[in-house]
Amino acid sequence: MLDSAQVIFHCRRIVDEARSTAPDLPLFDSLDFLDGGLLVRDIVKTWNDAKREENPLLKDFLLGLQDLESDYETRVAADPMIRYKPAHEVALAFHLSPAKVRYNCSANRTSKTQTGYSEHYFVVTGWHPYRSYRLPPAATFIIGVNFSQYCPGVFERKMILGEPGNPLSPMFPEEGKWFYHYDDRKHILTIACHTCANASRARACRHPKSTIQLFSDESSSGPDALQGAQYNLGHFDEHIGEEYFDEAMERLKSVPLSGMILTGTPLLGKGSWEYKRLTSLYLRGPRANTIPGTDKPYVSVHTITQIEAGIVPQEEIEASKLTMDPVEQEARLYGRPALDAKRSVFDRVALHELEGKIQSPAYGEVRPSDSQTAAQPKVFLGQPWRVPQYFNQQREGRLAIWELPKVGAQYIIGADGAAGLATGDFSCASVLEVPTFRLVAQLHGHIGPLDYAMDLARLGLLYNEALLAVERNSFGMATITRLRMELGYPNLFRELTDTTQAEFAADPVYGIDTNVRTKGQMVSCLAHVVKERQITIPCGETLEEMRAFGQEVTQSGLSVRIRGQGGAHDDRVMSLIFAVFVALTYPIYVPPKRSEVQALSDDDQRTWDGFHQNMRERERAKQGELW
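Written as structure tokens, this is what we have:
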């Protein structure tokens with residue numbers, strides 16, 4: 005005989021089929037259950053013999069319906085999920101999708117989480133009404149945002165405690181049909197086998213059992229916590245780090261018919277890893293999104309607005325618009341990827357205006373000219389340099405140029421470096437014309453620190469010996485050292501505000517130091533020129549990174565990080581931040597040309613020789629103290 009959930013599912017199916025030819029029939033779920041049962045019986049009575057033979061489970065179904073009607077309230081109390089129905093057509097499509105990864109990125113309050121949690125119920129109880137899964141025992145897991153609050157507020161309430169106003173909770177009441185045990189230390193809910201559950205012996209079950217486990221997104225072990233187990237179903241509720249996704253998919257590989265689901269509001273927008281890896285693949289169409297050797301999609305994406313879902317009253321939706329800017333409305337009310345970070349540091353309206361000024365660049369490279377007619381070589385620290393020239397390759401490349409250098413124009417290059425690994429972060433240098441604040445060129449690629457120095461030197465010389473502002477943290481010191489000591493680049497940024505010191509100091513500090521104290525100041529400089537419409541950014545990729553650039557609260561909740569959210573890269577925006585910061589807060593020091601330097605008098609020369617001798621003696625004394 006069919007169990008309660010199967011009986012109700014067949015009731016809905018029978019009524020839905022009948023309504024296709026008799027649209028005046030009421031919906032099964034709109035009726036009191038007893039009235040719904042009578043409606044189903046009336047429909048079955050109209051079936052002819054052929055129709056009855058098409059339904060071999062008809063007798064079991066009717067017996068199950070009779071038993072359920074006689075004890076409906078008790079059975080609902082023991083197993084509330086027998087009343088479950090998809091909240092809307094998008095939820096139904098989510099259940100029906102055969103994709104390996106199903107992503108429900110919809111508006112707030114559209115039953116995303118409930119829809120996702122129902123999948124766990126289907127898998128661990130052993131009967132999925134919409135798609136194929138292996139029979140139990142089964143193992144599933146959930147990772148929710150902000151574990152310390154999510155565990156008691158969402159997971160435990162939905163699973164075992166109950167939520168006010170939610171008739172489908174708790175899904176597994178402690179004295180109910182399926183509940184066997186809950187480990188509140190490891191956060192593992194254990195479900196009795198189907199036979200024992202139907203015999204009301206869940207607590208005494210001695211057979212293999214199914215489990216649902218909640219993992220922490222705040223654990224020091226990170227995604228490693230998933231290792232060592234295999235799962236039938238994985239679930240990310242709201243935005244979880246990309247590193248968890250890769251590990252989760254590994255945990256599903258050896259389990260036939262396994263799947264991954266994601267439910268959340270797309271607040272992190274197109275800069276999030278979910279959009280770049282899942283939504284983008286889905287949008288490319290079946291040719292790119294089909295699992296090799298099958299006709300099944302790898303990813304399915306499901307979206308619904310608050311209005312379409314019909315759960316939130318229309319007047320509440322309209323009222324919420326009064327306190328939301330148009331960008332946030334896109335994600336929260338319409339389920340469309342927000343164009344900006346949840347806590348964006350840049351003016352959203354200004355960014356949208358800049359989008360209208362995006363231009364396609366020319367791509368190419370910069371290298372010294374081999375032509376005999378090239379300008380006379382310059383010599384820096386004994387190294388001959390021919391003035392570099394730009395070579396247009398007519399294809400995509402590491403260097404994008406919107407404007408070639410203009411005679412007499414002044415430029416600053418902000419440079420963010422990386423290790424140069426093919427799978428790591430990018431190195432990026434943004435060329436900014438000042439005082440017009442126009443982004444005129446950008447170098448971007450996987451470039452190692454030493455090669456990066458050569459590329460920066462060539463780019464800087466091309467743009468009128470531009471001021472190079474290189475981040476000196478981590479890999480940046482190697483880049484700066486080669487620029488100074490080997491290549492002799494003449495115009496490196498130094499953290500000095502006095503031009504006299506800049507010209508004569510014995511040991512200036514080269515490069516930009518990025519730390520907790522300075523980063524906020526630097527970011528505010530770019531935020532200011534963006535808000536005041538003082539900057540021109542023709543680069544679409546840079547604007548995309550700026551939209552995803554915002555404040556993230558740390559796990560402790562005591563501080564925030566300013567970076568690309570949702571796993572978005574921020575190398576383009578950081579290089580631009582360095583350039584703008586230097587332009588706004590430091591006087592631009594232009595080294596005098598050699599022809600402009602006048603010879604010192606004998607007296608002045610003796611004075612400076614004595615000064616340098618004293619400096620060297622103090623330095624030697626300092627070294628002696630250290631050693």
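Residue numbering for the sequence shown follows this note's numbering, starting at 5 and increasing by one per position.
All C-beta atoms in this analysis are idealised placements derived from N, C-alpha and C, irrespective of residue type, glycine included.
This one's a predicted model, so the numbers in the text were calculated from it and none came from an experiment.
Judging by CA-CA distance, which residue of the options is the nearest neighbour of residue i?
i: Glu-632; options: Arg-565, Pro-542, Thr-440, Ala-587; result: Because the chain is modelled from 5 through 631, residue 632 falls outside the range shown and cannot be assessed.
i: Glu-58; options: Ala-26, Asp-39, Ile-18; result: Ile-18
i: Gly-120; options: Gln-538, Gly-268, Ser-152, Arg-207; result: Gly-268
i: Tyr-493; options: Met-481, Glu-469, Ser-220, Ala-482; result: Glu-469
i: Gly-418; options: Met-526, Leu-454, Pro-84, Phe-219; result: Met-526
i: Ala-22; options: Ile-566, Trp-51, Asp-39; result: Trp-51
i: Ile-47; options: Pro-60, Leu-29, Ser-324; result: Leu-29
i: Arg-87; options: His-14, Gly-157, Ser-101; result: His-14
i: Ala-97; options: His-306, Cys-200, Gly-180; result: His-306
i: Leu-100; options: Leu-139, Ala-82, Tyr-134; result: Tyr-134
i: Ile-405; options: Ala-413, Gly-412, Gly-424, Leu-436; result: Leu-436
i: Gly-412; options: Arg-402, Leu-282, Val-438; result: Val-438
i: Met-481; options: Gln-393, Val-513, Arg-79; result: Val-513
i: Tyr-286; options: Ala-103, Gln-393, Arg-610; result: Ala-103
i: Gly-226; options: Ser-214, Asp-250, Glu-242; result: Asp-250
i: Thr-546; options: Leu-282, Leu-443, Gln-538; result: Leu-443
i: Pro-290; options: Pro-301, Leu-282, Ala-323, Pro-296; result: Pro-301
i: Gln-538; options: Met-550, Phe-441, Ala-196, Tyr-590; result: Phe-441
i: Phe-4; options: Glu-369, Trp-131, His-532, Leu-193; result: No statement about residue 4 is possible, as the shown extent of the chain runs from 5 to 631 and does not include it.
DSSP puts residue i in a beta bridge; with which residues?
i: His-356; result: Answer is none; His-356 lacks a bridge partner.
i: Met-264; result: Val-105, Gly-238
i: Cys-432; result: Asp-420, His-448
i: Ala-404; result: Tyr-367, Gln-446
i: Phe-219; result: Ile-147
i: Gln-414; result: Val-438
i: Thr-540; result: Arg-442
i: Ser-214; result: Ile-195
Checking 8 Å against the spacing of the C-beta atoms, do residue i and residue j come in under that value?
i: Ser-478; j: Ser-579; result: no
i: Phe-582; j: Glu-475; result: yes
i: Phe-350; j: Val-534; result: yes
i: Tyr-456; j: Ser-431; result: yes
i: Thr-129; j: Leu-237; result: no
i: Leu-230; j: Tyr-137; result: no
i: Ser-122; j: Leu-72; result: no
i: Cys-209; j: Tyr-184; result: yes
i: Tyr-107; j: Val-259; result: no
i: Ala-164; j: Phe-219; result: Per the sequence shown, residue 164 should be read as Ile rather than Ala. Taking 8 Å as the Cβ cut-off, Ile-164 and Phe-219 do not qualify as a contacting pair.
i: Pro-174; j: Lys-190; result: no
i: Arg-141; j: Pro-212; result: As written in the sequence, residue 141 is Pro, which differs from the Arg given in the question. In this structure, Pro-212 lies closer than 8 Å to Pro-141 by Cβ.
i: Phe-497; j: Leu-460; result: no
i: Pro-84; j: Leu-172; result: yes
i: Ala-313; j: Leu-271; result: no
i: Gly-401; j: Tyr-367; result: yes
i: Cys-543; j: Phe-585; result: no
i: Phe-553; j: Val-577; result: yes
i: Ile-566; j: Leu-358; result: no
i: Gly-424; j: His-450; result: yes
i: Gly-524; j: Ile-484; result: no
i: Ala-445; j: Leu-403; result: yes
i: Ala-203; j: Trp-182; result: no
Tell me, to the nearest whole angstrom, how far the beta carbon of residue i is from that of residue j; I am working on the premise that it is less than 8 Å.
i: Ile-315; j: Thr-117; result: With 8 Å as the limit, Ile-315 and Thr-117 do not qualify as a contact, their Cβ atoms being about 12 Å apart.
i: Met-264; j: Val-105; result: 5 Å
i: Leu-463; j: Leu-447; result: 6 Å
i: Arg-205; j: Gln-234; result: Not quite, the Cβ-Cβ distance comes to about 28 Å (not below 8 Å), so this is no contact.
i: Val-575; j: Asp-429; result: Residue identity check: residue 575 is Asp in the sequence provided, not Val. Right, the Cβ-Cβ distance comes to about 6 Å (below 8 Å), so this counts as a contact.
i: Glu-673; j: Lys-274; result: This structure cannot speak to residue 673, because the chain is shown only from 5 to 631.
i: Phe-32; j: Arg-16; result: 5 Å
i: Val-11; j: Leu-69; result: 5 Å
i: Gly-180; j: Ala-82; result: 4 Å
i: Ser-110; j: Ile-308; result: 5 Å
i: Phe-151; j: Glu-222; result: 5 Å
If we define contact as Cβ-Cβ less than 8 Å, is residue i a contact residue for chain D?
i: Gln-217; result: No chain D appears in this structure, which consists of one protein chain only.
Task: Segments assigned alpha helix (DSSP H), at least 4 residues, entirely inside the stretch 448–517 - done: Listed in chain order, the complete alpha helix (DSSP H) runs (minimum 4 residues) inside the stretch 448–517 are 453–466, 480–485, 503–508.
Task: Whole beta strand (DSSP E) elements within the stretch 138–194, 3-residue minimum - done: Here the runs fully enclosed are 143–148, 183–187.
Open item on the list: Going residue by residue through the stretch 263–345, where are the continuous beta strand (DSSP E) segments of at least 3 residues, counting only ones entirely within it?
Closed with: Runs found: 263–268, 303–306.
Open item on the list: Give the list of continuous alpha helix (DSSP H) stretches no shorter than 4 residues that lie fully inside the stretch 22–83.
Closed with: At a cut-off of 4 residues, the continuous stretches assigned as alpha helix (DSSP H) that sit fully inside the stretch 22–83 are 37–49, 53–57, 62–74, 76–82.
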